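Residue numbers (our numbering): -1 to 241. Glycine is no exception: its CB is placed at the ideal position from the N, C-alpha and C atoms. All values reported here derive from a predicted model rather than from experimental measurement. Some notes on the structure that comes next.
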């Protein structure tokens, strides 16, 4: 995993560390996707991406140390970043109510490859074959939903090479399927979920089912496709709405 600070208040000025957003990007993401996003005044932004290998316990401890002095800590995860955030933070001693000011999942679940709660297994296998053969073009069209949002995506797209992101996809497939399809996991630290009504990657009904059964409040945005970052104010709005 890679962790990149997009904005960061110097440690020498702890009084100014009002708040931090830890943004867990989805598959094939990078910090480039998040650099245009607005933040509330006095907030810093840390972007997590590239889940070919998840961080060790020591590396997770270092992440916590870096955000420890912020008064408000918001975790916002998108797509496969929801699964990654659950893996990274879910087994730590901080996986408890009250550590995160808010923890919001957007267009994803902790069971990302699942016939009932995520992307159906057959659909995911088709996606893997398609990207392995023809690249990401068709996937990006489905992810964005409209030509306008697709153009906006290309303005801020990740420039990671196809070979690298395909390796990440295979790793995510292996790790997510290893979870199995057993009982619904405990909701853990999540405080809210957002479901895009026009998501063509994660079926909206599967996401809504997961979060409802997990007991987490769900907001459905009927016009939202899988890609939510064409709204540059989405992080700010989610933080303000949670207050």
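Check	Outcome
Starting from residue 3, trace the beta strand (DSSP E) both ways and give me its first and last residue.	0 to 5
Of the residues 225, 239 and 208, which one's Cα is nearest the Cα of residue 113?	208
Using only alpha-carbon positions, find the residue among 86, 172, 101 and 189 that is nearest to residue 60.	86
Run through DSSP, which three-state label would residue 43 get?	strand
Relative to the alpha-carbon of residue 88, which residue among 153, 204 and 58 has its alpha-carbon at the smallest distance?	58
For the alpha helix (DSSP H) that contains residue 81, what are its first and last residues?	78 to 87
Is the region 33 to 53 close to the region 0 to 8, with three or more CB pairs under 8 Å?	yes
Taking just the CA atoms, how far does residue 190 sit from residue 103?	6 Å
Among 18, 236, 175 and 228, whose alpha-carbon lies nearest the alpha-carbon of residue 216?	236
Closer than 6 Å by C-beta to residue 0: which residues in its own chain qualify, once you throw out the five before and the five after it? Chain order, please.	47 and 48
Please classify residue 238: does DSSP put it in a helix, a strand, or coil?	helix
Tell me the residue span of the alpha helix (DSSP H) that contains residue 21.	Note, residue 21: premise wrong, no alpha helix (DSSP H); beta strand (DSSP E) at 17 to 22.
Which partner residues does residue 193 have in the DSSP bridge list?	218
Using 8 Å as the cut-off, can you tell me whether the region 195 to 208 makes contact with the region 218 to 233, which would need three or more C-beta pairs spanning the two stretches below that distance?	yes
Which residues in the same chain have their Cβ closer than 7 Å to the Cβ of residue 142, if we skip the five residues on either side of it in sequence?	148, 151, 223 and 225
Tell me the rounded alpha-carbon separation between residue 173 and residue 117.	14 Å
As a quick exercise: from 15, 211, 24 and 213, pick the residue whose alpha carbon is nearest that of residue 110.	24
Exposed or buried, which one is residue 107 when buried takes at least 16 other CB atoms within 10 Å?	buried
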